[in-house]
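Residue numbers (full-length UniProt numbering): 1 to 325. For glycine and all other residues, C-beta sits at the position ideal for the given N, C-alpha and C. Small disclaimer: the values here were computed from a predicted structure and weren't measured.
Structure representation (structure tokens):
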């Protein structure tokens, strides 16, 4: 018995895009004849490993040439319109097939996300290599000028990393919003508020450890995503991507916490970001109180993200074991 797969669609003025949710698809057959697209493949869909098929009569004429690209997780199909224009719906019938999710336009922005991945990988790689070389050449002295030599590139990388939250929120990439938001907000708070606003922190060795641990995690994560863009997998890199965070992520949060604790006396002394109170009270609330609350939230975020990453790792390697059997 053949089943119908889950299909998403999107459009531009010249093309129709279909995304068929089938894992490890085989025997793929996609044809367009007389304005009707017919699809058939063997793969793992919503109801397990089966033969899946569907036919789709388009709203307006399309060209008979069709192209598709199969990845481990899905099949991407591109159909060109006969005439340039925007369609009000996909099919020629008012009754929409239940497997279609209309106007999934954010999927089209995945190429932009791939470019962001490459830029962040180059940035974090430069940081990691630069800091490693400086450590070997200058030894302990390199710990005290990390901010002045690395901060510009780190600012750039973290601003780009902020886009990850938007990509997840708008569905450009299939990722949870909460873990990405926790990581980006936490890192940017330490980078821009703790390090960026306090010159007294620039020469602290803790800056070296924070930057080094951040980049140490990312030099494995982003290459893994880059290979995924080309439907390629390197097993060693996959293992590192889902394993290296186990020691590095808690150490990174610990280094961030040390930076926050070291900054508290400075904020008390300089009164920077203090919240003024009415003149009758005659005082102000120090920003250090915010930092004490932030420390609690930081370790709560560590728990949330650690659990999320552990579930990802467990799901990834459990899937691999099933395929091996």
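Residue environment, residue 112, which counts as buried when at least 16 other CB atoms sit within 10 Å:
The predicted position of residue 112 is uncertain, since its pLDDT is 45 and thus under 50; no value can be drawn from it.
Given 8 Å, three or more beta-carbon pairs between the segment 135 to 154 and the segment 196 to 207:
yes
So, helix, strand or coil for residue 271, using DSSP?
Of the three classes helix, strand and coil, the one that applies to residue 271 here is coil, per DSSP.
Per DSSP, what are the beta-bridge partners of residue 66 in this structure?
79
What is the DSSP secondary structure of residue 244, counted as helix, strand or coil?
coil
Between which two residues does the alpha helix (DSSP H) carrying residue 181 extend?
177 to 188 is the extent of the alpha helix (DSSP H) around residue 181.
Residues bridged to residue 57 [DSSP beta-bridge criterion]:
36
With a CB to CB cut of under 8 Å and the five nearest residues on each side skipped, what residues in its chain are close to residue 302?
249, 250 and 253
When the distance is taken between beta carbons, is residue 213 closer than 8 Å to residue 180?
no
For residue 17, report the span of its beta strand (DSSP E) as first-last.
15 to 20
Using CA atoms only, rank isn't needed, just tell me which of 22, 92 and 69 is closest to residue 53.
22
Roughly how many whole angstroms lie between the Cα atoms of residue 142 and residue 261?
Going by C-alpha positions, residue 142 is about 22 Å away from residue 261.
Are residue 154 and residue 122 closer than 8 Å when you measure CB to CB?
no
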